[in-house]
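According to the numbering used here, the sequence shown is numbered sequentially starting from 25. All C-beta atoms, glycine included, are put in the ideal place defined by N, C-alpha and C. These notes concern the structure reproduced below.
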Amino acid sequence: MLFRPTLRRKTSKLTAAAAAAALAIAPMPPVLAQKEKGPPVIRDTEAEQLLRDYTRPILRTAGLEKQNIQVAIINESAFNAFVADGHRIFVNYGAIMQSETPNQLIGVLAHETGHLAGGHLAKMREQMARAQTQMIIAMLLGAGAMVAGAASGNSNSGLANAGAAAVAGPQEMIRRSLISYVRQQEENADRAGVKFLTATGQSPRGMYETFKRFTNESLFAARGADPYLQSHPMPAERVAALEGLARSSPYWDKKDDPGLQLRHDMVRAKISAFMEPQDTVYRRYPMSNDSLPARYAHAITTYLHGDLRSALAQIDGLIQLQPNNPYFQELRGQALLEGGKPAEAIAPLRKAVQLSNNAPLIDMLLGQALVATNNKAYTEEAITILRAAVARETEAPLGYTQLAMAYGRKGDYAEADLASAQAAFLRGDNKTARELASRAKTRFAVGTPGWVKADDIVAAKPMPGQNSN
Ligand SMILES: [Zn+2]
C-alpha cells in the first residue's frame with residue numbers, strides 16, 4: 025500500500041557510498057549508517073507477507089524462530105541483501121526483481137540467516153575493533169620511524185621511507201586478514217544456508233544460481249560496482265565449493281510450488297509497476313502479455329499515471345478472476361482514495377481488511393479513507409481502527425498521521441498533537457516530534473497516559489537508523 029510514485033527516486037548516492045567504502049564488510053553495509061532523509065524502507069503487506077513466508081521455515085530450523093526477526097524491503101534497485109543488526113534482514117527491492125524464482129530469493133535469505141545464526145555481525149565488529157587497534161599501533165610505529173628519519177637531518181633518507189613503508193605494510197596486511205576473515209564468514213554462511221534449505225526440504229539450487237551469476241558478472245563488471253558483490257566476495261573457489269555442496273542435496277532438482285511462483289511473480293509485477301518508469305514496466309510486461317502478473321502491472325501503472333477509469337476497469341477484471349485476493353481489493357481502494365474518491369474506497373478497503381485478516385497497513389489505508397471523507401460519522405470508527413493498527417504495526421508513521429487528523433476533527437487536540445509527534449518521531453524528524461510532544465504535554469493533565477507518552481518523546485534520544493515509511 026505504501027508504494028508511492030513519490031518513493032520512486034534514485035538513491036545512487038547510497039550505492040556510491042557502498043562502493044567507496046574500501047572494506048564493505050558483509051553484514052554491515054554503510055547504507056544504513058547514513059542519516060537518510062525520506063523513507064528508505066518500502067512497506068507493502070503483500071510483499072512483506074511473501075518474504076515472511078520465505079523466511080519463516082528457515083528461521084525455525086536455524087533456531088531463530090523466537091527472536092522476532094523481521095524482513096524489511098529497502099528502496100534500492102541494485103541487488104542487495106544483508107543483516108544490519110541481530111534482528112533484521114534487509115532486502116533491496118532490486119533483489120526481489122532480479123530473483124526469477126522464489127527459490128533464488130529464498131537461497132539468499134538462507135545465506136543471510138546463516139550470518140544471523142553464526143552471530144557474524146558481532147564477531148565482525150570485534151574483528152574490526154581488533155584491526156583498528158592494530159592499525160593504530162602500526163601507524164604509531166610508522167610515525168615513530170618517520171620522526172627518527174626526520175631527526176637524522178635528511179628527510180629523504182632511507183629511514184624516512186622505511187617509516188612510510190611501515191605505515192603502508194601493516195595496513196595492507198590487516199586489510200588482507202580482514203578480507204580473508206570475511207571470506208571465511210561467507211563460506212560459513214553458505215554452508216549454514218544449504219543446511220537450512222536441506223532441513224526444510226528446499227533446493228539450494230537458487231542460492232547457487234544467484235551467487236554463480238555474481239561470479240560471472242564480476243568477470244565483466246567493474247569490481248565492486250554492485251553492492252552485493254562488494255559485501256559478498258565471490259571468488260571462484262567459494263562458488264565451486266557451494267556448487268559441490270548444493271549438488272549433493274537430495275532436493276537439488278526440486279522445483280518451486282507453482283502457487284508460490286505465482287505469488288512471487290505478482291510481487292515482482294507490483295514492484296515493477298510502482299517503482300520503475302512506465303516504459304520499463306511495459307517492456308517487462310507488454311500489452312500483449314495477458315498473464316495475471318502482467319495484468320496486475322498494467323492496472324497499477326494505469327492508476328499511477330492518472331487514468332482512474334481505465335485502471336478501475338482493469339482492477340475489476342482482476343477481482344473477477346480472484347474475488348478473494350485481498351491485494352486486488354486493496355489496490356481498488358488505494359486507486360479510489362488517491363483518485364480523490366475516499367467514500368468509494370471504503371467498501372473495497374473493508375473487504376481487503378477482512379480478507380487479509382486485519383493486516384495493519386491495510387487498516388491504516390481504511391482509516392485514511394474514513395478520515396478523508398470529511399464525514400464526522402466515521403471519526404470514531406477511524407480512531408478505533410487506527411489505534412488498533414498502530415498498536416500492531418509500530419513503525420509506520422501513516423497510522424499516526426491519520427490518527428492525528430481524526431482526533432483533530434473531534435476537537436481532541438491533546439491526542440492530535442501526541443499522534444502528530446509520534447508520526448514525526450517515526451519519520452526520524454526528532455525536532456518536530458519534540459516540539460509537538462511538548463505542546464501535547466501542556467494539553468494533557470500531568471501524569472495521564474497521554475502525558476507520559478508525550479514526555480517519553482520529549483526525552484527520547486534519536487535512534488540510530490530509525491526511519492521507516
Ligand atoms: Zn554473506
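Beta-carbon proximity of residue i to residue j, cut-off 8 Å
i: Gln195; j: Ala162; result: yes
i: Val218; j: Thr239; result: no
i: Tyr205; j: Gln151; result: yes
i: Ala335; j: Pro366; result: no
i: Gln226; j: Lys278; result: yes
i: His329; j: Leu74; result: no
i: Leu427; j: Arg451; result: no
i: Ile224; j: Thr125; result: According to the sequence provided, residue 224 is Thr. The question's Ile does not apply to it. No, the pair does not count as a contact, with Cβ atoms beyond the cut-off.
i: Asp453; j: Lys465; result: no
i: Ala517; j: Tyr327; result: Look at the range of the chain in this structure, 25 to 493, and you will see that residue 517 is not part of it.
i: Ala293; j: Pro317; result: yes
i: Leu390; j: Val377; result: yes
i: Val65; j: Asn92; result: no
i: Leu133; j: Ile113; result: yes
i: Ala383; j: Thr69; result: yes
i: Val305; j: Ile120; result: no
i: His111; j: Ala213; result: no
i: Phe235; j: Leu266; result: yes
i: Leu88; j: Leu129; result: no
i: Ile481; j: Gln446; result: yes
Identity of the residues DSSP links to residue i by a beta bridge
i: Val95; result: Ile113
i: Val65; result: Ile98
i: Phe106; result: Phe114
First through last residue of the alpha helix (DSSP H) which encompasses residue i
i: Trp475; result: Pro473 to Ala483
i: Met299; result: Pro282 to Met299
i: Phe449; result: Tyr437 to Arg451
i: Ser462; result: Asn454 to Arg467
i: Ser334; result: Leu332 to Leu345
i: Glu417; result: Looking at the DSSP string, Glu417 is not in any alpha helix (DSSP H), and its letter there is neither H nor E.
i: Met311; result: Careful: Met311 lies outside any alpha helix (DSSP H) and carries neither H nor E.
i: Leu266; result: Ala260 to Arg271
i: Asp277; result: Where Asp277 is concerned, there is no enclosing alpha helix (DSSP H), given that its DSSP letter is neither H nor E.
i: Thr224; result: Per DSSP, Thr224 belongs to no alpha helix (DSSP H) and is neither H nor E.
i: Asn127; result: Pro126 to Ala141
i: Gln359; result: Residue identity check: residue 359 is Ala in the sequence provided, not Gln. Element bounds for Ala359: Pro350 to Glu362.
i: Val377; result: Pro366 to Leu379
i: Ala393; result: Pro384 to Ala396
Cβ distance (whole Å) where residue i is taken to contact residue j below 8 Å
i: Ala216; j: Gly138; result: 3 Å
i: Glu417; j: Leu385; result: 6 Å
i: Leu460; j: Asp436; result: Their Cβ separation, rounded to whole angstroms, is 14 Å, which puts Leu460 and Asp436 out of contact at 8 Å.
i: Ala430; j: Val395; result: 5 Å
i: Phe298; j: Ile324; result: 6 Å
i: Gly230; j: Gly357; result: With 8 Å as the limit, Gly230 and Gly357 do not qualify as a contact, their Cβ atoms being about 34 Å apart.
i: Asn127; j: Asp303; result: About 30 Å separates the two Cβ atoms, so there is no contact after all.
i: Ala260; j: Pro228; result: Not confirmed; about 18 Å, so no contact.
i: Arg76; j: Ala420; result: With a Cβ gap of about 16 Å, Arg76 and Ala420 do not count as contacting.
Neighbour flag for residue i against chain B, beta carbons, 8 Å
i: Val65; result: Absent here is chain B; the protein component of the structure consists of one chain.
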